[in-house]
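Q: Residue numbers (my numbering), protein chains in the order written: chain E, 9 to 318; chain R, 2 to 310.
Mind looking over this structure? Questions follow.
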Amino acid sequence: MLPVVVVHGGAGHIPKERSERSTSGVCSAARSAYKVLKGGGSSMDAVVEAVMVLENNPSFNAGCGSVLNVKGEVEMDALVMDGSTLSSGAVSAVRNIANPIHLARLVMEKTSHACLTAEGASRFARSMGVPEVPEESLITEYSRMRWKKNLAPDSNPVECQMGKMGTVGAVAVDINGTVACATSTGGMLNKMEGRVGDTPCIGSGGYADNMSGAVSTTGHGEAIMKVTLARHILFHMEQGQSAEAASDLGLAHMKSRVGGLGGVVTVDPQGNWAARFSSLQMAWAAAQKDSLHYGLYTGEHFTQIIEDAH
Amino acid sequence: MSAVLVVHGGAWAIPDELAPVSVQGVKAAARHGSSVLRSGGSLVDAVEAAVRALEDNTVFNAGHGATLKIDGEVQLDAIIVDGKTLAFGSVSCVKNIANPVSLARAVMEKTSHVMLTGRGADKFAESIGIAMVPTDKLVTECERKEWEKHKKYIAAVNEEFNTQAHDTVGAVALDSAGNVACATSTGGTRHKMVGRVGDSPVIGCGAYADNISGAVSCTGHGESILKVTLARLILSHVEQGKSVEDASQLSLQHMGDRVQGAGGAIVVSPSGQWAATFTTKRMAWAAAEDDVLWFGIDPKEKLKEKLSL
């Protein structure tokens, strides 16, 4: 059953012309992370690898390709968590770096803190020698077009975003049974400057504990935070629910209690995994026992052999 | 069922010379919050008022009197949660705001978001007419001296984090209809890095409120509270049928065992149970229930007096 990695590219409604890119994007992230695991890497190495691949892919709302805030700028959030020690690192509203997930990991490993925000996070990035990139390099034509469209007074960014969101994330278990999660996002379309969503908030955007499992979430951030979705799902697993049943219970609770839609990837320490969502679609991929699993619509589950796993 | 309002002034090794003023401060805040409820204010009004009273009191590490971060400036975090709708608002890393809890409430009520940080939060405050106060006004002479004293001993900070850091204020409340709410506000750890966000503004960590299970406000070693999502953990035990007292103790003990962190929490349940629990040396707390004001600062201490508003 071990190792295993499960990746998502965001829950929502993905326009047809972009769905193929989303699927191939999550598949290549899962392959890449699986290779790290097979090579003896830790679950933390694997989830960071998966998320960096997605951050570097302009089709997703993280790193390059992030949505823009109301001022047309890129502000990103990210979180990592290690299930063996419960150590975590997060950054919120960070600018001008290519891989927020890498910076989140540095916060975990190089500081005594768990979360750095805004200018303080940028300052820390500089002190660690993380290259500063021009904002322009993170912006795509697509993200600028959607920003402009949603500046119109009658626009509804929440609605539009539920249409096409793309927070990315991953969970993994390595051969030692250690779980980890990573989540990264550009946040919400046309958000206010300084808006922080669920992604960098431990328990909401992700959670990992070797006692129960790991979860990375995506969807309407404000709703996810209200029910602390990741932690909520793991509570159900602590009570004996399977990864799949716990994920469904958590998503159903979020829908009934606060009317929010979203999706999750979940693993338990034994390597059982789930990719579940209440939104119309979620691009996901999982790699286990040299097989790649992936899907986009509810009920969809394709499988293929990973040829170059060794 | 009667309304209850509980406040805390931070869990840490409160020195003897600060003990009486700390107790006095939490008692005054509980009285104030309770009087807001009695005069027809909402639950959110009541927890906001109680926390504002603590923010305005220089004895506590929040608002005026906050600890200084590494460059000698203040940086404040706060959150407020309405258990009926799960609506909440929070701010992290704001500077020139005397009452961050009120800004957190404005985020909840006036934006489609739930959390604002840094410059964005300051700009929002300005845009809704919240007065900016010069940084100096939030710094007390006493804190400046402490900061100077500690400046040279960053290495010792770890020890201080766990037991001695001046920490966080909060309030939880229940009304006669069974609704709950909570609020938490802090200046964070002394000599923290610029931009450090602790547990206080993070939902499920520094605070959580849900009419189904109850309301919690936490204090203590922020990074540890984050790791175990302490507020949410306590309420999950309540959901499993534990009393609020047992739920708090189990969760704080788990935090000690699993990540070696100490702290404290105040909790109310929709049925009117409440508890003030801590694993640090001390925590100043007070609770207004019916005509009685309960209070304490040392472990197992539970004193009472008639509640005069």
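A virtual CB, placed ideally from N, CA and C, is assigned to each residue, including glycine.
Nothing here was measured: the structure is a model prediction, and the numbers come from that model.
1) Three Cβ pairs or more, each shorter than 8 Å: is that satisfied between the region 249-267 of chain R and the region 296-311 of chain E?
2) Is the number of C-beta pairs between the region 41-55 of chain E and the region 152-159 of chain E that are closer than 8 Å three or more?
3) Compare the Cα-Cα distances from A273/R to each of G34/R, S177/R, G26/R and report the closest residue.
4) If you draw a straight line from the C-alpha of N280/E to the C-alpha of G41/R, how long is it?
5) Would you say D217/E and P11/E are within 8 Å of each other, going by their C-beta atoms?
6) Can you tell me whether Q254/R is helix, strand or coil according to DSSP?
7) Quick one: what does DSSP say S3/R is sitting in, helix, strand or coil?
8) For R152/E and chain R, any beta-carbon pair shorter than 8 Å?
9) Could you confirm whether any beta carbon from chain E is found closer than 8 Å to the beta carbon of V229/R?
10) Examine the ligand GTP and report whether any of its heavy atoms sits within less than 7 Å of the Cβ of S214/R.
11) Is the shortest distance between the beta-carbon of R197/R and the beta-carbons of chain E less than 8 Å?
12) Reducing DSSP to helix, strand and coil, say where L197/E ends up.
13) Since V179/E and A222/E should fall inside the 8 Å C-beta cutoff, what is the C-beta to C-beta distance between them, to a whole number of angstroms?
14) With a threshold of 8 Å, are at least 3 pairs of Cβ atoms found where one atom belongs to the region 271-279 of chain E and the other to the region 218-238 of chain E?
15) Count Cβ pairs between the region 231-238 of chain E and the region 109-126 of chain E that sit closer than 8 Å; are there 3 or more?
16) If we ignore side chains and look at the alpha-carbon of each, how far apart do P101/R and V176/E end up?
17) Kindly indicate the opening and closing residues of the beta strand (DSSP E) around T185/R.
18) Whose Cβ in chain E lies nearer than 8 Å to the Cβ of E224/R?
19) Would you tell me roughly how many angstroms separate the C-alpha atoms of G205/R and H255/R, rounded to the nearest one?
20) Nearest to G257/R by CA position, among L139/R, G119/R, T280/R, is which residue?
21) Can you list, in chain order, the residues of the region 193-218 of chain R whose Cβ is nearer than 9 Å to any Cβ on chain E?
22) Nearest-angstrom Cα distance between W155/E and G119/R?
23) Residues in the same chain with beta-carbon distance under 6 Å from S339/R, minus the five sequence neighbours each way, listed in chain order, please.
24) Residues of the region 250-263 of chain R in Cβ contact with chain E at a cutoff of 7 Å, in chain order, please.
25) Measure how close the beta-carbons of F61/R and G26/R come, nearest whole angstrom, since I'm counting them as under 8 Å.
26) So, helix, strand or coil for M290/E, using DSSP?
27) Using 8 Å as the limit for Cβ to Cβ distance, is T164/R near chain E?
28) Please decide whether K96/R counts as near chain E, where near means a Cβ-Cβ distance under 8 Å.
29) Shortest alpha-carbon distance to E201/E belongs to which of D291/R, G215/R, V108/R, R259/R?
30) How many whole angstroms separate the CB atoms of G199/R and V75/R, which I take to be in contact at a CB cut-off of 8 Å?
31) Return helix, strand or coil for E81/E, following the three-state DSSP convention.
32) Looking at the strands, I want to know which residues DSSP matches up with A222/E.
33) Would you identify the three-state DSSP class for Q25/R, choosing helix, strand or coil?
34) Note down, one range per segment and in chain order, each alpha helix (DSSP H) of at least 4 residues found wholly within the region 65-140 of chain E.
35) Below 9 Å between beta carbons is the criterion; list the residues of the region 112-127 of chain R that meet it against any residue of chain E, in chain order.
36) Tell me which same chain residues have a C-beta within less than 7 Å of the C-beta of E252/E, skipping the five on either side of it?
A: A quick look at the data gives this:
1) no
2) For the pair of segments examined, the region 41-55 of chain E was found not to touch the region 152-159 of chain E: the number of CB pairs separated by less than 8 Å stays below three.
3) Here residue 273/R is Gly; the residue named in the question, Ala, does not match the sequence. Of the listed residues, the one whose Cα sits closest to G273/R is S177/R.
4) Straight-line spacing of the CA atoms in N280/E and G41/R works out to 52 Å.
5) Going by C-beta atoms, D217/E is not nearer than 8 Å to P11/E.
6) helix
7) Of the three classes helix, strand and coil, the one that applies to S3/R here is coil, per DSSP.
8) no
9) Taking 8 Å as the threshold, the shortest C-beta distance from V229/R to chain E falls below it.
10) Absence of the ligand GTP is noted for the structure shown, with no ligands found whatsoever.
11) yes
12) coil
13) 4 Å
14) yes
15) no
16) 32 Å
17) Segment 181-187, the beta strand (DSSP E) holding T185/R.
18) Within chain E, the C-beta atoms nearer than 8 Å to that of E224/R come from S120, H121, A122, in chain order.
19) 16 Å
20) T280/R
21) K193, M194, V195, G196, R197, V198, G199, D200, P202, V203, I204, G205, C206, Y209, D211, I213
22) 22 Å
23) Limits of chain R in this structure are 2 at one end and 310 at the other, which puts residue 339/R out of reach.
24) Those would be R259, V260, in chain order.
25) 6 Å
26) M290/E: strand per DSSP, three-state reduction.
27) Because the pLDDT of T164/R is 43, which lies under 50, any placement of that residue in the model is unreliable, and the question is left without a value.
28) Judged by the 8 Å Cβ criterion, K96/R is not in contact with chain E.
29) V108/R
30) 14 Å between Cβ atoms; not a contact.
31) coil
32) Under the DSSP definition of a beta bridge, A222/E partners with A216/E, V275/E.
33) Of the three classes helix, strand and coil, the one that applies to Q25/R here is helix, per DSSP.
34) Counting only runs of 4 or more, we get 108-118, 126-135.
35) T112, S113, H114, V115, M116, L117, T118, G119, R120, G121, A122, D123, K124, F125
36) Spatial neighbours of E252/E in its own chain (CB-CB distance under 7 Å, excluding positions within 5 residues in sequence) are listed in chain order as A282, R284.
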